[in-house]
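Here the protein sequences come in this chain order: A and B. full-length UniProt numbering puts the first residue of the first sequence at 1, with every later residue one more than the last. full-length UniProt numbering puts the first residue of the second sequence at 1, with every later residue one more than the last. Below is one structure, written out as structure tokens, with a few remarks after it.
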Amino acid sequence: MINEFNHIQSAHCENGVTTSLLKHHGVDFINEPLAFGIGSGLFYIHIPFMQVNGGPAISFRTMPGAIFQRTAKALNVKVKRKKFRSEEAADDYLRALIDSGVPVGCQVGVFHLPYFPKEYRFHFNAHNLIIYGYENGEYLVSDPVMEGTNRLTVEELNKVRFAKGALAPSGHVYYPEAFGEISEERLKKAVISGIKRNVRDMLRIPGSIAGVSGIKYTAGKVRKWRDKLGVRKAGLYLGQIVRMQEEIGTGGGGFRFIYGAFLEQAAGILNNDELMRISEDITAAGDMWRSTAVQMAGVYKGRITEQKDFDQTADMMIDIYHKEKATFESLSKIKLK
Amino acid sequence: MKKKDIPQDESALKNVLREVVYAKDEDGKYTSALSQGWDVKKDALDNAWDDVNEKIEEAKQAVLSGEKSPVYYFKEKTLMDMPTITGYTGFWAITIKRHFKPSVFKKLSDHKLEKYAKAFDITIEELKSPDLS
């Protein structure tokens with residue numbers, strides 16, 4: 001049973017699954033930046049007292065699952081999701097959906113994902129892909145970060161759907177169940193509410209670890225890492241920031257550019273030129289993140305390892321904090337309709 | 001970032017995929033293009049793997065010197081943290097830490113060893129006498 005499906009490659013897996021599934025069901029105008037923006041995907045958070053792969057827990061985007069959920073809801077699409085205890089039940093459910101002609105979004109872990117580059121296979125369990133068919137004991141896979149489609153045996157797919165550890169997927173599947181009408185008015189509203197929610201997330205979350213203030217929080221930590229951890233471990237920590245920022249399926253500087261692309265489209269949809277200016281600003285922030293990554297690489301490659309180099313790295317992050325804060329403040333002042 | 005500045009450095013993505021990157025075209029409009037990698041990212045990833053490999057080597061030495069059991073070595077080798085290994089085996093973290101002790105490990109039933117073997121994708125034989133060469 002193979003359903004017709006158009007594979008679309010994207011920068012980030014959840015954007016990609018959202019875009020591909022909506023497009024499959026006839027939402028022609030959707031694309032990755034639009035899905036990301038309507039889903040208020042841009043974020044920054046540094047979770048204290050928690051470690052990921054032995055380094056700081058930092059994310060440059062909103063929590064897993066939120067982009068799909070928010071974008072679908074804003075576009076009047078009803079989503080069905082389900083998790084499972086048993087692998088057999090999970091597999092039966094998936095197969096029945098494909099038999100009924102529905103491509104299905106699946107949350108998976110990447111550690112056992114055979115077609116993924118080996119160097120990227122850590123225990124990361126919030127990856128997303130689409131299953132659109134099966135034949136000869138293999139599932140047909142559209143993984144949004146891959147250039148083409150792939151295949152997984154039933155055993156391989158079960159294994160990644162039931163990966164264990166943080167954010168364990170438990171066979172999680174999701175797919176659009178019912179579509180309402182998406183009028184032009186509805187799209188405009190979706191774009192506006194996506195922007196407003198993103199302004200709120202970046203500027204108005206209390207505390208110092210989330211939104212733009214989180215960037216300042218990390219900068220403060222970076223200043224202390226050399227003394228506290230030693231040059232080598234501090235370098236590994238900086239490397240982790242870069243990896244969270246630029247890794248396939250995560251993209252941080254990358255996320256700023258996707259958001260810039262979204263605002264450019266939003267300017268057209270809402271007929272509002274001021275948004276173009278904000279798009280330029282967020283693009284500039286993305287460029288600043290990239291320069292900071294280059295600086296961090298200087299540290300973890302051992303080229304620049306003095307305290308002044310850590311201070312300079314922190315100063316660059318403080319500049320980004322000010323830039324993103326000012327950008328989202330001007331975004332919040334634009335009257336959108 | 002401008003499209004012409006998208007890095008095309010050789011990386012771990014080679015022969016597997018190029019990734020989508022958003023950047024500005026010559027007219028200042030956003031477009032997307034494919035990148036085969038960026039040295040800054042490659043070095044961060046290489047560094048992380050050096051660290052992982054160092055930890056695996058340390059674990060290997062700890063098993064050889066009789067300080068730790070093979071469970072500890074395979075946990076490091078398969079990059080598992082505590083939530084991951086407890087998830088795959090069903091044992092509690094405190095139990096697993098006990099199984100890190102060679103004296104406790106030696107007395108484990110085949111049933112328990114089987115759980116570890118399955119989690120690490122190896123046979124019980126490989127678990128009992130790991131290849132540490």
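For each residue, glycine too, the CB sits at the ideal point set by N, CA and C.
Test: residue 131/A CB closer than 8 Å to a CB of chain B: For the purposes of this step, residue 131/A is taken as the residue at position 131 of the first sequence. False, the Cβ-Cβ gap to chain B never drops below 8 Å.
For residue 271/A, count the other beta carbons within 10 Å of its own beta carbon; 16 or more makes it buried, fewer makes it exposed. Which is it? In the first sequence, counting from the first residue as 1, residue 271/A sits at position 271. When all chains shown are included, residue 271/A counts as exposed.
Is DSSP giving residue 1/B helix, strand or coil here? Reading the second sequence from its first residue, position 1 is the one you call residue 1/B. If DSSP states are grouped into helix, strand and coil, residue 1/B belongs with coil.
Below 8 Å on the Cβ atoms is my contact criterion, and I expect residue 140/A with residue 151/A to pass it. Report the Cβ-Cβ distance as a whole number of Å. Counting from one through the first sequence, the residue named residue 140/A turns up at place 140. Counting from one through the first sequence, the residue named residue 151/A turns up at place 151. Correct: roughly 6 Å between the Cβ atoms.
Evaluate residue 143/A with the Cβ neighbour count: other Cβ atoms within 10 Å of its Cβ, from every protein chain shown; 16 or more gives buried, anything less gives exposed. To locate residue 143/A, count along the first sequence from 1; it is residue 143. Label assigned to residue 143/A: buried.
Hey, how far is the Cα of residue 232/A from the Cα of residue 299/A? In the first sequence, the residue the question calls residue 232/A occupies position 232. In the first sequence, the residue the question calls residue 299/A occupies position 299. Their backbone Cα atoms lie some 9 Å apart in a straight line.
Could you tell me whether the Cβ of residue 19/B comes closer than 8 Å to any Cβ of chain A? On the second sequence, position 19 is the one that residue 19/B refers to. Interface residue, yes.
For residue 286/A, I'd like the list of residues in its chain whose CB is within less than 7 Å of its CB, leaving aside the five on either flank, ordered along the chain. Translated into the one-based positions of the first sequence, residue 286/A becomes position 286. Within the same chain, residue 286/A has close Cβ partners 253, 256, 257 and 260.
Inter-residue Cα distance where the pair is residue 214/A and residue 153/A: Here residue 214/A is taken as the residue at index 214 of the first sequence, counted from 1. Here residue 153/A is taken as the residue at index 153 of the first sequence, counted from 1. Whole-angstrom Cα-Cα distance: 42 Å.
Find the residues of chain A that neighbour residue 62/B, judging by a C-beta separation of less than 8 Å, and give them in chain order. Residue 62/B sits at position 62 when you count from the first residue of the second sequence. By Cβ distance, chain A contributes nothing, its closest Cβ being about 17 Å from residue 62/B, past 8 Å.
Element boundaries [alpha helix (DSSP H), containing residue 280/A]: Working through the first sequence from its first residue, we reach residue 280/A at position 280. Counting along the chain, the alpha helix (DSSP H) containing residue 280/A begins and ends at 274–300.
For chain A, check one thing: does any of its Cβ atoms lie closer than 8 Å to the Cβ of residue 49/B? As a working mapping, residue 49/B is identified with position 49 in the second sequence. Answer yes: the Cβ-Cβ gap between residue 49/B and chain A drops below 8 Å somewhere.
Looking at the unbroken beta strand (DSSP E) that takes in residue 129/A, where does it start and where does it end? On the first sequence, residue 129/A is found 129 positions in, with the first residue counted as 1. Counting along the chain, the unbroken beta strand (DSSP E) around residue 129/A starts and ends at 127–135.
Boundaries of the alpha helix (DSSP H) in which residue 55/A is found, first to last residue: The count along the first sequence starts at 1 and reaches residue 55/A at position 55. Element bounds for residue 55/A: not the alpha helix (DSSP H) but the beta strand (DSSP E), 55–61.
Output yes or no for whether 8 Å exceeds the beta carbon distance between residue 18/A and residue 60/A. Counting from one through the first sequence, the residue named residue 18/A turns up at place 18. Counting from one through the first sequence, the residue named residue 60/A turns up at place 60. The answer is no: Cβ separation not under 8 Å.
Helix, strand or coil, according to DSSP, for residue 43/A in the structure here? Stepping through the first sequence from its first residue, residue 43/A is reached at position 43. If DSSP states are grouped into helix, strand and coil, residue 43/A belongs with the strands.
Grab me the residues of residue 121/B's own chain with a C-beta within less than 8 Å of its C-beta, minus the 5 sequence neighbours each way, in chain order. Within the second sequence, the letter at position 121 stands for residue 121/B. So the qualifying residues of the chain are 78.
CA-to-CA distance, residue 84/B to residue 127/B, given in whole angstroms: Taking the second sequence and counting its residues from 1, the one referred to as residue 127/B is at position 127. Taking the second sequence and counting its residues from 1, the one referred to as residue 84/B is at position 84. Each residue's alpha carbon lies about 18 Å from the other.
What are the boundary residues of the alpha helix (DSSP H) that includes residue 15/A? Locating residue 15/A in the first sequence gives position 15, counting from the first residue. Segment 13–24, the alpha helix (DSSP H) holding residue 15/A.
Could you tell me if residue 103/A is buried or exposed, where buried requires 16 or more neighbouring beta carbons within 10 angstroms of its beta carbon? For the purposes of this step, residue 103/A is taken as residue 103 along the first sequence, with counting starting at 1. By the C-beta density criterion, residue 103/A is buried, having at least 16 other C-beta atoms within 10 angstroms.
Residues of the region 143–155 of chain A in Cβ contact with chain B at a cutoff of 8 Å, in chain order, please. Residues passing the 8 Å Cβ filter: 145, 146 and 147.
Does the beta-carbon distance from residue 13/A to residue 145/A come in below 8 Å? Along the first sequence, read from residue 1 onward, the residue named residue 13/A stands at position 13. Along the first sequence, read from residue 1 onward, the residue named residue 145/A stands at position 145. Yes. Within cutoff.
Determine the direct distance from the alpha carbon of residue 84/A to that of residue 94/B, and round the result to whole angstroms. Residue numbering aside, residue 94/B sits at position 94 when the second sequence is read from its first letter. Residue numbering aside, residue 84/A sits at position 84 when the first sequence is read from its first letter. When rounded, the distance between both Cα atoms is 27 Å.
Buried or exposed (CB count within 10 angstroms, at least 16 for buried), residue 68/B: Numbered from 1 along the second sequence, position 68 holds the residue referred to as residue 68/B. So residue 68/B counts as buried.
Say whether chain A places a C-beta atom closer than 8 Å to the C-beta of residue 30/B. Along the second sequence, one-based indexing puts residue 30/B at 30. Yes, contact with chain A.
Coil, strand or helix - residue 78/A by DSSP: Within the first sequence, numbered from 1, the residue matching residue 78/A stands at position 78. Of the three classes helix, strand and coil, the one that applies to residue 78/A here is strand, per DSSP.
Bridge partners of residue 223/A, per DSSP? One-based indexing of the first sequence puts residue 223/A at position 223. DSSP lists no beta-bridge partner residue for residue 223/A.
Given 8 Å as the limit, is there contact between the region 168–186 of chain A and the region 108–126 of chain A, that is, 3 or more CB pairs closer than that? yes
Residue 287/A CB to nearest chain B CB: under 8 Å? Within the first sequence, numbered from 1, the residue matching residue 287/A stands at position 287. Judged by the 8 Å Cβ criterion, residue 287/A is in contact with chain B.
Rounded straight-line distance, which links the Cα of residue 123/B to that of residue 130/B: Numbered from its first residue, the second sequence carries residue 130/B at position 130. Numbered from its first residue, the second sequence carries residue 123/B at position 123. Going by C-alpha positions, residue 130/B is about 10 Å away from residue 123/B.
Given that residue 88/B touches chain A, what residues does it touch there, using C-beta distances under 7 Å? Indexing the second sequence from 1 puts residue 88/B at position 88. For a Cβ distance threshold of 7 Å, residue set 164 of chain A lies close to residue 88/B, ordered along the chain.
Quick check: the region 315–322 of chain A against the region 218–233 of chain A, are at least 3 beta-carbon pairs closer than 8 Å? Three or more beta-carbon pairs separated by less than 8 Å link the region 218–233 of chain A to the region 315–322 of chain A, which places the two stretches in contact.
Could you have a look at residue 65/A and say whether DSSP puts it in helix, strand or coil? Residue mapping note: residue 65/A aligns to position 65 of the first sequence, counting from 1. Three-state DSSP puts residue 65/A in coil, outside helix and strand.
Any C-beta of chain B within less than 9 Å: which residues of the region 228–241 of chain A qualify? 232, 233, 235, 236, 238, 239, 240 and 241
Does chain B have any CB closer than 8 Å to the CB of residue 122/A? On the first sequence, residue 122/A is found 122 positions in, with the first residue counted as 1. Chain B contact via Cβ: present.
To which residues of the same chain is residue 25/A closer than 7 Å at the C-beta, ignoring the five residues directly before and after it? Working through the first sequence from its first residue, we reach residue 25/A at position 25. Counting only residues of its own chain and dropping the five nearest sequence neighbours on each side, residue 25/A has a CB closer than 7 Å to the CB of 176 and 179.
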